[in-house]
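Sequence positions in the sequence shown follow the working numbering and run 158 to 675.
See below for the structure under consideration.
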Amino acid sequence: MKKRHSILFLLIFYFFFQLSSIDYGFKINDINYLKNISLSKLDIKAFTEKESINTKENIETDSKSWEYRYKLYSVNADEMMPIMALSKIDINNKRFDPQIYKYGGAFIYPLGFYYYCLDKIGLIEKINFSSIISNDNLIDKIYFYGRFFVLLFFTLSAFVFYKCLKLIIKNNSAIIFTSIYLFVPSSIMYSQIIKPNWYALFWFNLFIFYSLKYFLIKKKENYLILGIIFSGLAIGSSVLYTPAIILTFLVIFINLKKNIKINFLIYSITICTCVFFITNPYILVNFTNFINESQGEYNWIFKNLNLKNTFLFFNNSFIQGFGILLSLTLFYFLLKKTKKNYEKKIKISIFLLILFGAIISSFETWHIQFRYIPYILTISLIYLSYKIKNKKYLALILIATIFQSIPMKMSYYDENNIKYSTRLKSANWINSEIINKKKSICKKEFVPFDFPPINFTKVKIEKNCDYEILVLRQPNKIKIYDKDKIIKKFEPRFQFANIPLVFNHINPLIIILKNYNE
């Protein structure tokens, strides 16, 4: 195979490899009591008003609304948010305010245009509030094509990443590093979720590419300007990229010649800010709404920051997302002494970015917090491309990374597999052993990522319930529950409570607790 074709083969293989599982979670909608459910316009008001469920009668009165609400959500928490934002946009009436600002406009608007094109060629129905509510099959198509969109952009980001590496190292090593970039567990997960975290790597990698090109190929101001534009698109997609952009700007600024520094400072602030607000105009138009949402979204994070949990980030999140051997290799080189000043600056920047992720994640001990620092993937691998010269060791990292990612990938296939899906198996057992026997369960928010797809029309809910059903997206938390109360466990394959190789939003551990009421 010619060298120039090897990267194309890798990217095409990866794209179809991931494409094979992006329908995960759809099997829920094929269950008889959840199939062919739609709502009339008269039901919409009841559907949109979130009610607290305390009794069986409440469920029976509003069963269709609850069943459909369950169908609308994904097995991934928050994956519904971009769809909700797009449903607020009305092109015909020139209303483009998504009214939800959690995810940036540089992600929401391209995603919306993509869905608009799919509608025009007949692949999907127009997305608006009424169409989503009234069409039983539309939501699965929305999730499928949305995940396709993110996967496509992430695959393109890998090509840009490869082009970055080609400025530094030879083709064979660049291919291996790109393979690692693609197959780390966090990429397996986030490249098939409708969120901007891994989508924005496309813009961020373009920013890094033109920055490297300026320093390594030719010092043309146009390269810097292009890089700044793409940095604005990265932040415009997800504000999580802000720390990485600022630190990278700082490193660039320090290494520029004096006569260029002022221009770069003006360009970076002006262009980046303009691009951000051009792609997020309604932050300015509805600034009060943006502030209110931000307070609700982030206050609970900042109020619960606990520095004692920062070390847990490395154990619960970093090595799970980056890969064990790759993480150890990175920390080895970061801690190794160096005499070169420019390398010290880069190492300090990487340390600060990782520390930022650890601190911002300290509000909880979840093991999915690598999502807060997706840019570490690009920055760290480029740094390691300068340090790792032994191809055999590099190949070993790739093999170890793929091996660690296998449970992650298998969990996506298992999500739709009746034999291995913890959600489907637990739902069957609950229907048979609890609901059909007129036993009660505890009050709970009925969403797929936090509750199995039981028969809602027959369920009995009481304050002093007989059984409690828990989806443990952190499997090691099973230790806090009384063993005598756990009467049933539905465990995914390839999972170890103390070594969570799988991000447990997908095919999670589910336990049933028996309440022995006196």
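We treat Cβ as the ideally placed atom computed from N, Cα and C, and that holds for glycine.
For the segment 577–611, which segments carrying the beta strand (DSSP E) assignment without a break, of at least 3 residues, lie completely within its bounds, in sequence order? Listed in chain order, nothing qualifies, since the segment 577–611 has no complete beta strand (DSSP E) run of 3 or more residues.
Going straight from the alpha carbon of residue 387 to that of residue 403, what length do you get? As the crow flies, the alpha-carbon of residue 387 is around 13 angstroms from that of residue 403.
Paired residues, beta bridge with residue 627 - DSSP: As a beta-bridge residue in DSSP terms, residue 627 pairs with 668.
Cross-strand partners of residue 235 (DSSP beta bridge): Residue 235 is not bridged to any residue.
Report all residues from its chain with a CB closer than 7 angstroms to the CB of residue 364; omit the five preceding and five following residues, and keep chain order. Non-local beta-carbon contacts of residue 364 in its own chain, meaning distances under 7 angstroms to residues more than five positions away in sequence, involve 384, 387, 388, 391 in chain order.
By the three-class DSSP mapping on this structure, what secondary structure does residue 504 have? Here residue 504 sits in helix by DSSP.
Is residue 577 close to chain C, meaning its C-beta is less than 9 angstroms from at least one C-beta of that chain? The chain labelled as chain C is not found in the depicted structure, where only one protein chain is given.
Exposure of residue 543, with buried meaning 16 or more beta-carbon neighbours within 10 Å: With fewer than 16 Cβ atoms within 10 Å of its Cβ, residue 543 is classed as exposed.
In DSSP terms, what residue 253 is bridged to: Looking at the DSSP assignment, residue 253 forms no beta bridge with any residue, so it has no partner.
List the residues that DSSP assigns as beta-bridge partners of residue 327. For residue 327, which the question treats as bridged, DSSP gives no partner whatsoever.
Euclidean distance between Cα positions of residue 301 and residue 437: The straight-line gap from Cα to Cα measures roughly 25 angstroms.
Give me the Cα-Cα distance between residue 162 and residue 565, rounded to the nearest whole angstrom. Just so you know, the alpha carbons of residue 162 and residue 565 end up roughly 28 angstroms apart.
Which value, in whole angstroms, describes the spacing of the CA atoms of residue 344 and residue 308? Going by the C-alpha atoms only, they are around 10 angstroms apart.
Closest by CA to residue 325, which one among 492, 167, 366, 340? Ranking the options by Cα distance to residue 325, first place goes to 366.
Under 8 angstroms by Cβ, that's how I've got residue 362 and residue 317 pegged, so tell me the actual separation to the nearest angstrom. At roughly 4 angstroms, the Cβ-Cβ gap stays under 8 angstroms, so residue 362 and residue 317 are in contact.
Check each candidate in 270, 313, 298 and name the one with the smallest Cα separation from residue 170. Out of 270, 313, 298, 313 has the C-alpha closest to the C-alpha of residue 170.
For residue 646, which of helix, strand or coil comes out of DSSP? DSSP, reduced to helix, strand and coil, places residue 646 within a strand of the structure shown.
Cβ neighbour criterion (16 or more within 10 Å) applied to residue 138: Missing from the structure shown is residue 138; the chain here goes from 158 to 675 and no further.
Below 8 angstroms on the Cβ atoms is my contact criterion, and I expect residue 224 with residue 191 to pass it. Report the Cβ-Cβ distance as a whole number of Å. Right, the Cβ-Cβ distance comes to about 6 angstroms (below 8 angstroms), so this counts as a contact.
Are three or more beta carbon pairs between the segment 367–376 and the segment 244–260 nearer than 8 angstroms? No: fewer than three Cβ pairs fall under 8 angstroms.
Same chain only: Cβ atoms within 8 angstroms of residue 602, ignoring 5 sequence neighbours per side: These residues qualify, in order along the chain: 608.
Do residue 356 and residue 311 have their CB atoms nearer than 9 angstroms? Yes; because the gap between Cβ atoms is below 9 angstroms, this pair is in contact.
Per DSSP, what are the beta-bridge partners of residue 618 in this structure? Answer is 598.
Between the alpha carbons of residue 234 and residue 297, how many angstroms are there, rounded? Those two C-alpha atoms are separated by around 16 angstroms.
With DSSP collapsed to three states, give me the class of residue 247. Per DSSP, reduced to three states, the secondary structure at residue 247 is strand.
Residue 205 to residue 495 span [Cα, whole Å]: Annotation note: pLDDT 47 at residue 205 (below 50); position unreliable, no value reported.
Output needed for residue 408: all residues of its chain with C-beta closer than 8 angstroms, excluding positions within five of it in sequence on either side, in chain order. Within the same chain, and ignoring the five residues on either side of residue 408 in sequence, the residues whose Cβ sits closer than 8 angstroms to its Cβ are 502, 503, 506.
Helix, strand or coil at residue 462 [DSSP, three-state]: The answer is coil: DSSP assigns residue 462 none of H, G, I, E or B.
Where does residue 357 sit, in a helix, a strand or coil, going by DSSP? Note: residue 357 maps to coil in three-state DSSP.
Rounded distance between the beta-carbons of residue 599 and residue 625, thought under 8 angstroms: So it is a contact: roughly 5 angstroms between Cβ atoms.
Return the first residue and the last residue of the alpha helix (DSSP H) that residue 377 is part of. Careful: residue 377 lies outside any alpha helix (DSSP H) and carries neither H nor E.
Reduced DSSP secondary structure (H/G/I, E/B, other) of residue 276: Residue state, collapsed to three classes: helix.
Could you pull out every residue in the same chain whose Cβ sits closer than 6 angstroms to the Cβ of residue 648, ignoring the five residues on either side in sequence? Excluding residues up to 5 positions away in sequence, 666 lie with their Cβ nearer than 6 angstroms to the Cβ of residue 648 in the same chain.
May I ask you to verify whether the segment 631–647 touches the segment 612–619, counting CB pairs closer than 8 angstroms and requiring at least 3? Contact fails: fewer than three Cβ-Cβ distances are below 8 angstroms.
Where residue 380 and residue 652 are concerned, what is the direct C-alpha to C-alpha distance, given to the nearest angstrom? Cα-Cα distance, rounded: 46 angstroms.
Can you tell me whether residue 167 is buried or exposed? The criterion is at least 16 other CB atoms within 10 Å of its CB, across all chains shown. Residue 167 is buried by the Cβ-count criterion.
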